[in-house]
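Notes follow once the structure below has been shown.
This is the structure we're talking about:
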């Protein structure tokens, strides 16, 4: 099965404008083409252009001056490509590129928390894909992917082979939509008996659990990726510009 993926139009515009800024074609301090100019050049609707410009502004590539327009700032001090967020890394991770062992792949009843995140009834059937990730022969993470049966059916997500692409590629191909944003929830708790064995930790150990809920542009959730991390082996760090 082939999984071809074309980025949404606004993402294509973002990439092209970033390229022009990086190359110096749009120099720092220079005015950015107007919305109408960008609409005409790229053949895109105004909402698409506005969305792309909003992302570039939030990431620090451009700045808006009231009544004057948008101006180039240049490559931000914290470029997006160098600050991959936890949820995105989980969605894009390829199992064939990490040292991992598949623990489960199949249909189960959704726990209450997962049901709430996916917007489905408690104990609804979902496909669970769970792996144990190791580093230097030491267990460092239990990664679980939860998604509706209809999305996983007929894809590699429900199979026992290592994934050659990130979860996001399979979900977008099966759902026929693009994942637009991630909502992360982070909790701390003690391990279950199974987690004690898999992660080689004591029952009193502190675990960090990151839930990354991936949604489309309408806010509909399609997949939840859960990462269970021993607190003494991980440190979560984030960096972002101040606006």
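Numbering (the UniProt record's numbering), first residue to last: 1 to 243.
A virtual CB, placed ideally from N, CA and C, is assigned to each residue, including glycine.
- In the structure shown, residue 47 adopts helical secondary structure according to DSSP, grouped into three states.
- With respect to the 8 Å criterion, residue 10 and residue 52 are classified as neighbours on the basis of their beta carbons.
- Under the DSSP assignment, residue 17 falls outside any beta strand (DSSP E), being part of the alpha helix (DSSP H) whose first and last residues are 9 to 23.
- Annotation for residue 115: the continuous alpha helix (DSSP H) segment containing it runs 112 to 118.
- For the stretch 123 to 156, the full-length beta strand (DSSP E) segments reaching 3 residues or more read 125 to 135 and 138 to 148 along the chain.
- DSSP, read as helix, strand or coil, puts residue 26 in coil.
- According to the DSSP assignment, residue 163 belongs to no beta strand (DSSP E), since it is labelled neither H nor E.
- Between residue 49 and residue 32, the C-beta gap is not smaller than 8 Å, which leaves the two residues out of contact.
- Rounded to whole angstroms, the gap between the alpha carbons of residue 138 and residue 207 is 16 Å.
- Looking at 18, 34 and 35, the one whose alpha-carbon comes closest to that of residue 27 is 18.
- Straight through space, the alpha carbons of residue 25 and residue 118 are spaced by roughly 43 Å.
- The DSSP assignment places complete beta strand (DSSP E) segments of no fewer than 3 residues inside the stretch 152 to 224 at 179 to 189 and 207 to 216, in order along the chain.
- A contact between stretches requires three or more CB pairs, one per stretch, nearer than 8 Å, and the stretch 155 to 169 fails this requirement with the stretch 190 to 208.
- Going by DSSP, residue 88 is part of the alpha helix (DSSP H) stretching over 86 to 92.
- One thing to note: residue 70 has its Cβ no nearer than 8 Å to the Cβ of residue 182.
- With a threshold of 16 other beta carbon atoms within 10 Å, residue 66 falls short and is exposed.
- Secondary structure at residue 57: helix, using DSSP grouped into helix, strand and coil.
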